[in-house]
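Line order of the protein sequences matches chains A and B. Residues in the first sequence are numbered consecutively from 1, following UniProt numbering. Residues in the second sequence are numbered consecutively from 1, following UniProt numbering. Positions of the beta carbon are idealized from the N, C-alpha and C atoms, including for glycine. Treat the numbers as computed from the prediction; the structure is a model and nothing was measured.
Number of protein chains: 2
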Amino acid sequence: MPQTVQTVDLAHTSGLYYGPATISSGRVLHISGQPGNTKDAHVPSDYESQIHLCLFNLRKLIIAAGADIKDIAKLNVYIVDYDAKNRKHARPIQRFFGKHRPAQTLVPVPKLAVPEWLIEIDAVVALPDQPSAPMLPAVAECVDVVIIGGGLAGLTAAHEVIRAGLSCIVLEARDRVGGKTWSLPTADGKGTIDVGAAWINDTNQSRIYALAKRYGAEVIVQNTTGTAVLEDFDGSVKPFPYGELQDFGEATTKSVAEIRDMCEADCQAVDTWLPKDTTLDSLTFEAYLRSRGATKTAIGTATVWTRAMLGLEPSEVSALYFLNYCKSGGGLLQMRSDRKDGGQYLRIRGGTQTFAKGLAASLPPGIVRLESAVQTIVQVNDGRSVKVQSNGIVYSARKVISTIPGPALKNITFYPPLPPVKRAWSESLYYGYYTKAMMEFKKPFWVERGFCGLAQSFIGPAGVIRDSSIPQDKQYVLTCFMGGDPGRVWAGLSTPEREEALLKQLSKLYGVSTLEEQFIRMTAYEWVHDEFAGLGCPCTSLPPGVLDSLGGDGLRAPTGNLHFAGTETAGEWKGYMEGAVRSGERAASEVVGELKGPVTARL
Amino acid sequence: MPQTVQTVDLAHTSGLYYGPATISSGRVLHISGQPGNTKDAHVPSDYESQIHLCLFNLRKLIIAAGADIKDIAKLNVYIVDYDAKNRKHARPIQRFFGKHRPAQTLVPVPKLAVPEWLIEIDAVVALPDQPSAPMLPAVAECVDVVIIGGGLAGLTAAHEVIRAGLSCIVLEARDRVGGKTWSLPTADGKGTIDVGAAWINDTNQSRIYALAKRYGAEVIVQNTTGTAVLEDFDGSVKPFPYGELQDFGEATTKSVAEIRDMCEADCQAVDTWLPKDTTLDSLTFEAYLRSRGATKTAIGTATVWTRAMLGLEPSEVSALYFLNYCKSGGGLLQMRSDRKDGGQYLRIRGGTQTFAKGLAASLPPGIVRLESAVQTIVQVNDGRSVKVQSNGIVYSARKVISTIPGPALKNITFYPPLPPVKRAWSESLYYGYYTKAMMEFKKPFWVERGFCGLAQSFIGPAGVIRDSSIPQDKQYVLTCFMGGDPGRVWAGLSTPEREEALLKQLSKLYGVSTLEEQFIRMTAYEWVHDEFAGLGCPCTSLPPGVLDSLGGDGLRAPTGNLHFAGTETAGEWKGYMEGAVRSGERAASEVVGELKGPVTARL
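The structure is reproduced here in structure tokens:
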């Protein structure tokens, strides 16, 4: 597509997240000042929540006009009571821009049109030409269903489609199946380390546990015997019994418990399939906590949650989205639990990629096509077929199931373009910073000292640490979760510095001074650089405003003959393998229902 | 070139320096808010200095994008602590616009993105189409060097080129040689009056003095015998001995002396060929004086300097530029001195145009072509020749030397366009208001009363007055220098009113009540309306930021086969005839060196 906006730089300006100037061509979209309100003009009193709402309002107009973020030529940002020392607007706007660098002017103002408004943004956008239908080569192969993505969602869907007697192929971009499950060998080559999804349970995660049984996976119960530790804001280390609250002193501990219980109660009230609560969705999770009187320590605790679960600061995610995310795993406490029924109860001795490998191997031959990234999807205007192009080969299908993460949809050209609601949904999804580093040691020194291995830190680099050893294999591993701001700082280090920083933290947390001698190797895979994952993991999030404005099922809803799966579309266990499997079943059921259902249903 | 921006006016709006609306077409350049900082993000605390830096930052982006001031469609000016009674932004912006009148909105704001920023400007600019190579008629004549401008720089260069055995022509736009030296007859037709450059010396101005000797010019020593006078802010007239400081009372006089000595010391520290000092260049000369604690009287004194030397208020010129300008003449004191070694030591009885006439007459015939303004210069892309078009005639040359003032470069279409640094330099150059009025009298009444003729005034209309009589010819003249703000006020008068205003001032300064009877005639030429001089004299100036951002030799540096001379490019005696001659020698030496130098130098 021809470039509509081009950034002009001088010698010293290329480091700015916006451009000193841009050149636009063609028709121009002029956007009125957009405040940070919901679609019903509700204005949260919180400034950061308003920033997110404001940007989403801008995004909706840009999409409605047929343009894209990359077409923005100029942004004017009007801020009330602007504080140069606390530039809260910069990160959300930078994330909104992505790699695009439009021109920008910040104008501090004494007030705006409505007293409650704290930020307003207007924009000039260069409209791209209406896309024309891509010219595709002749169809090489016809199937009932093309499934995009050979992860757990896609492979599960393939099994369901085949089981219904329909034909399908699975187009997988990578040279392996498994998507965000990926099991790599340990240093000695004898064990496995899961650089992606790692935990399941055997009760409410029935689908994935069924796969574990079907493919003979040996499960390991997560170690919760022993003491857990907390690293406080001041760096002090406090042991606490696993499963209980840390002792912050009576008043603080009570306030943390209250906030935890409030979050639990509020998330239980959410309908995970169709979350709807304008007030909760108008606030960031942090603003929600503050509005309920959360103390610094309570917010610190909640920050450990968002960093370890989504790689985000609490100020970066909609309160409704976060509570709904928790609800999808049965609630905050259950999703965070390492015990029976909890999200981190069992690990897989041979690695979780066992599931995808088993699923793929048990499909008829020729169905899974590796190294087959999809470039183009054309919904033919007879309404009965879809053409999918991958590496110059065109497949024709009656239905397509995309299982790729929302942000990765940008890698595909859709014709006609995806409808505005779908675009607004998928383009609003984003990942935080989230990396797991698996630290292999010669001995489980923490166990020897009475620790279960679980640690939480308010300061990082790791926000959460879990034992992921496989004692039968003499494999002793601590998995360190780096998420959010401390994760971003850690990501800026070289590999030796990263190792050193983690060893230093572990050494302090478990009171061991000679860790270097015990240390074997650090294994980490940075999903933030993985194009096919949509540049992140484990699951995307939404800022305030999207759920409320677009409804809770906008990402999941089919578009013509295009259906959507993947763990982020799941109603249960979003971000988990269980959610991926269930989403694959659900999408397959939609497709099978439509292709095999009574003819009258289509009239 | 087709118009990209057109001003829309209503009946009552044509008097505005900006337009109420504009129409733009084509591609659009959107410029982010530009603050008043240096290229290293240094922000002077002075508001006026920031205005100049801000506009220069805007200019750089406009040029970088391939546009021009005339392409500006809209400007938004954001000002902190805006004072409607003291609209300091208006004049610099008006000068920046020139005759172009874009749309503009002024937005007073409580603060800007960075606490130190006091002004920020963003803009919308309509981009012109990329220019294509002009279609030129066939080449009529080939020479080694085409020299543009038949003033002292161009004629000197021609002599040097010829002496090196190369061929050249001099294309002069006017119907005379001499450029900004121009000698007109006195009222009786017997004497001459220099309406342009008038003074030389016989020591450190060796090149021009050599011309004086070569062409038999009779020199007249400037009269410094007798008392000088000062007109103070309150209009009171105070005599003082020539060469000494005026008596403002002990404390004030001391403060004036300190500021003068500080300027002298600071200008001596500047490298006149490559001036570099980020702090000095970030400030206007006035802000520099204020930052050093200059009193009102000291600033008044400094204002006399900038008005009489450059036609500017101290708030209109970079401190570094002004100090460097002084340094080029040996320092503030020497450049301002009317005595031996000083800038105003000797005059020429037959007028200073004698030099140019002598130089032109001693060239081989046919070299100087009068009334030959250049319209187009095309650097042919073989890198070996330049085509110069004047009045439909095309000359081909191996080298071109332009001696025209920076602002006059706009009258020529260059292909390819001049590079951004050259454009930013030349387009930033501007003249202040500066007119000399030569008042002829029947008798030297001031001499008869014991005055040397030198007067200085804080209030004007004339800021400086000098005796420029030629007693041998019974020609009694006071040259009144109107510069800066009082000059602009005087320029708004009719000719009889101008005469009356000056006679009134002279009458007061020298205590003579019957001046009308003595008065013969006023002779003045307004260089501010002279297109070929670039609409001003004696020399262009730069606002803050340019020298620091572009380096000190950006105007002088050649561009391909295009070389640059003229007094403003001189390292010594900028703005003086000496500087013009030396610049012509320097440019000729560049050209001769490249055309006659060893072949290896070009490989």
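Through-space distance from residue j to residue i, alpha-carbon basis
i	j	result
ALA229 of chain B	LEU346 of chain B	Residue 229 of chain B is actually Val in this sequence, not Ala. Rounded to whole angstroms, VAL229 of chain B to LEU346 of chain B spans 21 Å at the Cα level.
THR403 of chain B	ASP277 of chain B	27 Å
GLY311 of chain A	GLY36 of chain B	39 Å
PRO365 of chain A	ASN391 of chain A	20 Å
MET309 of chain B	PHE481 of chain B	9 Å
ALA173 of chain B	HIS529 of chain B	15 Å
LYS238 of chain A	LEU152 of chain A	39 Å
LEU603 of chain A	GLU594 of chain A	Unreliable positioning characterises LEU603 of chain A in this predicted model, as indicated by a pLDDT of 46, which lies under 50. The coordinate reading is nonetheless provided below. Cα-Cα distance, rounded: 11 Å.
THR7 of chain A	SER24 of chain A	9 Å
ILE119 of chain A	LYS39 of chain A	16 Å
ARG586 of chain B	GLN375 of chain B	25 Å
GLU572 of chain B	CYS267 of chain B	13 Å
LEU245 of chain B	LEU333 of chain B	12 Å
ASN223 of chain B	ILE79 of chain B	49 Å
ALA601 of chain A	SER385 of chain A	Unreliable positioning characterises ALA601 of chain A in this predicted model, as indicated by a pLDDT of 43, which lies under 50. A coordinate reading is not provided.
VAL124 of chain A	LEU16 of chain B	27 Å
VAL400 of chain B	HIS563 of chain B	6 Å
ASN86 of chain A	ALA113 of chain B	11 Å
ILE162 of chain B	MET335 of chain B	33 Å
is_contact[residue i, chain E] using C-beta, thresh 9 Å
i	result
VAL374 of chain B	Going by chain labels, chain E is absent from the structure shown, which instead holds the protein chains A and B.
Bridge-paired residues (DSSP) for residue i
i	result
ARG398 of chain A	In the DSSP output, where bridge partners are listed per residue, ARG398 of chain A has none listed.
SER412 of chain B	Residue identity check: residue 412 of chain B is Ile in the sequence provided, not Ser. The partner list for ILE412 of chain B (beta bridge, DSSP) is empty, contrary to what the question assumes.
PHE441 of chain B	B:TYR476, B:PHE519
LEU346 of chain A	A:ILE200, A:VAL221
VAL143 of chain B	B:ALA397
GLN205 of chain A	In DSSP, GLN205 of chain A forms no bridge with anything.
SER428 of chain A	Its beta-bridge partners do not exist; DSSP assigns none.
Beta carbon of residue i nearer than 9 Å to that of residue j
i	j	result
GLN104 of chain A	LYS74 of chain A	yes
THR192 of chain A	GLY358 of chain A	no
ILE31 of chain B	PRO20 of chain A	yes
GLU427 of chain B	ARG91 of chain B	no
LEU555 of chain A	LEU429 of chain A	yes
GLY552 of chain B	PRO405 of chain B	no
GLN353 of chain A	GLY196 of chain A	yes
ARG398 of chain A	VAL592 of chain A	no
ILE520 of chain A	PHE441 of chain A	yes
TYR82 of chain A	PRO108 of chain A	yes
PRO275 of chain A	ASN324 of chain A	yes
THR569 of chain B	SER589 of chain B	no
LEU53 of chain A	SER282 of chain A	yes
THR272 of chain A	SER328 of chain A	yes
Proximity test, residue i beta-carbon vs the ligand GTP heavy atom, cut-off 8 Å
i	result
LEU320 of chain A	The model on display carries no ligand, and the ligand GTP is accordingly not part of it.
Pick out the complete beta strand (DSSP E) segments inside the segment 519–577 of chain B, 3 residues or longer, and give them in chain order. As far as the segment 519–577 of chain B is concerned, its whole beta strand (DSSP E) runs of at least 3 residues are 519–524, 562–564.
If we require 4 or more residues per run, which alpha helix (DSSP H) segments fall completely within the segment 21–87 of chain A? Listed in chain order, the complete alpha helix (DSSP H) runs (minimum 4 residues) inside the segment 21–87 of chain A are 47–64.
Proximal residues, the segment 46–74 of chain A versus chain B, C-beta separation under 9 Å: Only ALA73, LYS74 from the segment 46–74 of chain A bring a Cβ to less than 9 Å from some Cβ of chain B.
Between the segment 22–34 of chain B and chain A, which residues of the former have a C-beta closer than 9 Å to a C-beta of the latter? GLY26, ARG27, VAL28, LEU29, HIS30, ILE31, SER32, GLY33, GLN34
Return the residues of the segment 84–114 of chain B that lie within a Cβ-Cβ distance of less than 9 Å from chain A, sorted by chain order. VAL107, VAL109, PRO110, LYS111, LEU112, ALA113, VAL114
For the segment 1–20 of chain A, which residues have a beta carbon sitting closer than 7 Å to at least one beta carbon of chain B? VAL8, LEU10, HIS12, TYR18, GLY19, PRO20
Could you name the residues of the segment 111–143 of chain A whose beta carbon sits closer than 9 Å to any beta carbon of chain B, in the order they occur along the chain? Per Cβ criterion, the list reads VAL124, ALA126.
Going residue by residue through the segment 449–487 of chain A, where are the continuous beta strand (DSSP E) segments of at least 3 residues, counting only ones entirely within it? 451–457, 464–467, 476–483
Residues from the segment 194–215 of chain A in contact with chain B, defined by Cβ distance under 7 Å: none
Could you tell me which whole alpha helix (DSSP H) segments of length 4 or greater appear in the segment 319–374 of chain A? 319–328, 332–336, 353–361
At 4 residues or longer, and completely inside the segment 206–282 of chain B: list those alpha helix (DSSP H) runs for me, N to C. 206–214, 250–268, 278–282
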